[in-house]
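Participant: Going by my numbering, the sequence shown opens with residue 1139, and the numbers climb by one from there.
Using N, Cα and C, we set each Cβ at its ideal position, and we do this for glycine too.
Being a predicted model, the structure only gives us computed values, none of them experimental.
A single structure is presented below for examination.
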Amino acid sequence: MIIDTHIHIWDTNKSSYGWLSGAPELLKRTYTIDELDAARKTAGIDAGVFVQADVQMEDSLHMLEVARNSEWIKGVVSWLPLADTGWTAKLLEEKLLKDEYFVGVRHLIHDEKDPQWLLQPAVIESLKILAAHNIPYDVVGVLPEHIETILKVTELVPDLQMVFDHLNAPPISSGAHYGRWGELMQEVAKNKNVYAKISGLGTVAGAQKFTAEELKPYIGFVLEHFGADHCFCGGDWPVSLLAKDYVYTWEVYKTVLSSLLSGEALASVYAGNAIGFYGLKL
1139 MIIDTHIHIW DTNKSSYGWL SGAPELLKRT YTIDELDAAR KTAGIDAGVF VQADVQMEDS
1199 LHMLEVARNS EWIKGVVSWL PLADTGWTAK LLEEKLLKDE YFVGVRHLIH DEKDPQWLLQ
1259 PAVIESLKIL AAHNIPYDVV GVLPEHIETI LKVTELVPDL QMVFDHLNAP PISSGAHYGR
1319 WGELMQEVAK NKNVYAKISG LGTVAGAQKF TAEELKPYIG FVLEHFGADH CFCGGDWPVS
1379 LLAKDYVYTW EVYKTVLSSL LSGEALASVY AGNAIGFYGL KL
């Protein structure tokens, strides 16, 4: 079994998606889950998880509705207004905790000017609420400072499970092995509540460097330091189309992973770890 833990859909009639105004033309349209069906079958993907694409509840409610009507989508990583602890608690109590497809939370911290956005007192209080309910948090960081912030979050909210989306943008394009990114990832990996999501590496690397050979050192690095029991995968469709197509993306990931792992460890990275982290019901 292979679970794609990072799929986006968006409907420009349902939410604002402010970031799309500055995005490449390829992404400036509605993307539906039906568009992915043939490619995911070819790629051998058995189940999927939606991940938020807007800092509005309309986006999350849209994903939850689509998930309820999709045979293979098993969870939704929602947005929550973490900077408003009262509103966060209210949405959880009145809506999200009652929804079987709600499995996690994310905020677009890479779009915030302050890389320490998560350290605001109100946000920390909201993260404590997530931890109390065993709700994991997806970290979409792109800077070393984002990893430094997560190191502080682990001290302030020690029970919160977190995962670094797209491995927090390793320096693949520069070919650095492994620079400040590597030092910080090695440090944060010591915390057993922090996981690594092997996803989005095509857009991180750039299309010309999105090959198994180029990615292998970085994927091998996170497997070594986080452990095969703390990594899982995501295709990052449709953003990943900026680099290569969906089937190619998964071919690269599978080539690298099968060269580094086998048996139970490989099965854990493909599915078992994601099931445990998000509490997926298959």
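Mapping DSSP to helix, strand and coil, what is TRP1148?
Facilitator: Numbered from its first residue, the sequence shown carries residue 1148 at position 10. Here TRP1148 sits in strand by DSSP.
Participant: For the beta strand (DSSP E) that LYS1212 lies in, which residues bound it at each end?
Facilitator: Within the sequence shown, numbered from 1, the residue matching residue 1212 stands at position 74. Counting along the chain, the beta strand (DSSP E) containing LYS1212 begins and ends at 1211-1216.
Participant: Count the CB pairs spanning the segment 1292-1310 and the segment 1335-1350 that are closer than 8 Å, and state whether there are at least three.
Facilitator: Yes: at least three Cβ pairs fall under 8 Å.
Participant: Which of helix, strand or coil does DSSP assign to MET1300?
Facilitator: Counting from 1 along the sequence shown, the entry for residue 1300 is found at position 162. Residue state, collapsed to three classes: strand.
Participant: Have a look at GLN1194 and ASP1184 and give me their C-alpha separation to the nearest angstrom.
Facilitator: Here residue 1194 is taken as the residue at index 56 of the sequence shown, counted from 1. Here residue 1184 is taken as the residue at index 46 of the sequence shown, counted from 1. Going from the Cα of GLN1194 to the Cα of ASP1184 covers about 29 Å.
Participant: Look at the alpha carbon of VAL1187 and the alpha carbon of ALA1181, and state the distance between them as a whole number of angstroms.
Facilitator: As a first step, residue 1187 is located in the sequence shown; it is residue number 49 there, counting from the start. As a first step, residue 1181 is located in the sequence shown; it is residue number 43 there, counting from the start. Going by the C-alpha atoms only, they are around 16 Å apart.
Participant: Taking only three categories from DSSP, how would you classify SER1188?
Facilitator: Taking the first residue of the sequence shown as 1, we reach residue 1188 at position 50. It is Phe, not Ser, that sits at residue 1188 in the sequence shown. PHE1188 falls in the strand class under three-state DSSP.
Participant: Between which two residues does the beta strand (DSSP E) holding ILE1336 run?
Facilitator: Position 198 of the sequence shown, counted from the first residue, corresponds to residue 1336. It spans 1332-1336 - the beta strand (DSSP E) in which ILE1336 sits, taken as one unbroken run.
Participant: By DSSP's criteria, GLY1242 is part of a beta bridge. Which residues make up the other side?
Facilitator: On the sequence shown, position 104 is the one that residue 1242 refers to. For GLY1242, which the question treats as bridged, DSSP gives the partners VAL1215.
Participant: List the endpoints of the continuous alpha helix (DSSP H) containing TYR1275.
Facilitator: Against the sequence shown, residue 1275 aligns to sequence position 137. No alpha helix (DSSP H) contains TYR1275, which is instead part of the beta strand (DSSP E) from 1275-1277.
Participant: Could you pull out every unbroken alpha helix (DSSP H) segment of at least 4 residues lying fully inside the segment 1311-1383, listed in chain order?
Facilitator: The qualifying runs are 1317-1326, 1339-1343, 1350-1364.
Participant: How would you label HIS1146, buried or exposed, when you count the other beta carbons within 10 angstroms and need 16 or more for buried?
Facilitator: Stepping through the sequence shown from its first residue, residue 1146 is reached at position 8. Buried is the call here.
Participant: Which one of LEU1202, ILE1262, ALA1161 has the shortest CA to CA distance from TYR1275?
Facilitator: The sequence position of residue 1275 within the sequence shown is 137, counting from 1. Cα-wise, what sits closest to TYR1275 is ILE1262.
Participant: Considering only the beta carbon of each residue, do VAL1278 and ILE1247 sit closer than 8 Å?
Facilitator: As a working note, residue 1278 is residue 140 in the sequence shown. As a working note, residue 1247 is residue 109 in the sequence shown. In contact: VAL1278 and ILE1247 (Cβ atoms closer than 8 Å).
Participant: Could you round the C-beta distance between THR1387 and ALA1350 to whole angstroms and report it? I think they count as a contact, below 8 Å.
Facilitator: On the sequence shown, residue 1387 is found 249 positions in, with the first residue counted as 1. On the sequence shown, residue 1350 is found 212 positions in, with the first residue counted as 1. About 11 Å separates the two Cβ atoms, so there is no contact after all.
Participant: How is the alpha helix (DSSP H) around MET1139 delimited, first residue to last?
Facilitator: Position 1 of the sequence shown, counted from the first residue, corresponds to residue 1139. Looking at the DSSP string, MET1139 is not in any alpha helix (DSSP H), and its letter there is neither H nor E.
Participant: For GLY1242 and LEU1199, I'd like the C-alpha separation in whole angstroms.
Facilitator: The residue you call residue 1242 lines up with position 104 of the sequence shown. The residue you call residue 1199 lines up with position 61 of the sequence shown. Going from the Cα of GLY1242 to the Cα of LEU1199 covers about 13 Å.
Participant: Please report the straight-line C-alpha distance between ALA1366 and SER1396, rounded to a whole angstrom.
Facilitator: Taking the first residue of the sequence shown as 1, we reach residue 1366 at position 228. Taking the first residue of the sequence shown as 1, we reach residue 1396 at position 258. Each residue's alpha carbon lies about 12 Å from the other.
Participant: Note the first and the last residue of the continuous alpha helix (DSSP H) segment covering HIS1284.
Facilitator: In the sequence shown, the residue the question calls residue 1284 occupies position 146. Segment 1282-1294, the alpha helix (DSSP H) holding HIS1284.
Participant: Where do the ends of the alpha helix (DSSP H) carrying THR1168 lie?
Facilitator: Residue numbering aside, residue 1168 sits at position 30 when the sequence shown is read from its first letter. Counting along the chain, THR1168 falls outside any alpha helix (DSSP H), and DSSP gives it neither H nor E.
Participant: Expressed to the nearest angstrom, what Euclidean distance is found between the alpha-carbon atoms of THR1150 and VAL1291?
Facilitator: On the sequence shown, residue 1150 is found 12 positions in, with the first residue counted as 1. On the sequence shown, residue 1291 is found 153 positions in, with the first residue counted as 1. THR1150 and VAL1291: Cα-Cα distance of roughly 33 Å.
Participant: Quick check on ASN1207: buried or exposed, where buried means 16 or more other Cβ atoms within 10 Å of its Cβ?
Facilitator: If you number the sequence shown from 1, residue 1207 lands on position 69. So ASN1207 counts as exposed.
Participant: Going by other Cβ atoms of all chains shown within 10 Å of its Cβ, with 16 needed for buried, is THR1168 buried or exposed?
Facilitator: To locate residue 1168, count along the sequence shown from 1; it is residue 30. Exposed is the call here.
Participant: For LEU1265 and PRO1162, I'd like the C-alpha separation in whole angstroms.
Facilitator: The residue you call residue 1265 lines up with position 127 of the sequence shown. The residue you call residue 1162 lines up with position 24 of the sequence shown. Taking the straight line joining both Cα atoms gives about 32 Å.
Participant: Can you check whether the C-beta of LEU1234 is within less than 8 Å of a C-beta belonging to chain B?
Facilitator: Of the protein chains in this structure there is only one, and it is not chain B.
Participant: Are VAL1407 and CYS1371 close, meaning C-beta to C-beta below 8 Å?
Facilitator: Position 269 of the sequence shown, counted from the start, is the residue given in the question as residue 1407. Position 233 of the sequence shown, counted from the start, is the residue given in the question as residue 1371. Yes, the Cβ-Cβ distance between VAL1407 and CYS1371 is below 8 Å.
Participant: Determine, using beta carbons only, whether THR1226 and LEU1235 come nearer to each other than 8 Å.
Facilitator: Locating residue 1226 in the sequence shown gives position 88, counting from the first residue. Locating residue 1235 in the sequence shown gives position 97, counting from the first residue. Contact flag unset, no.
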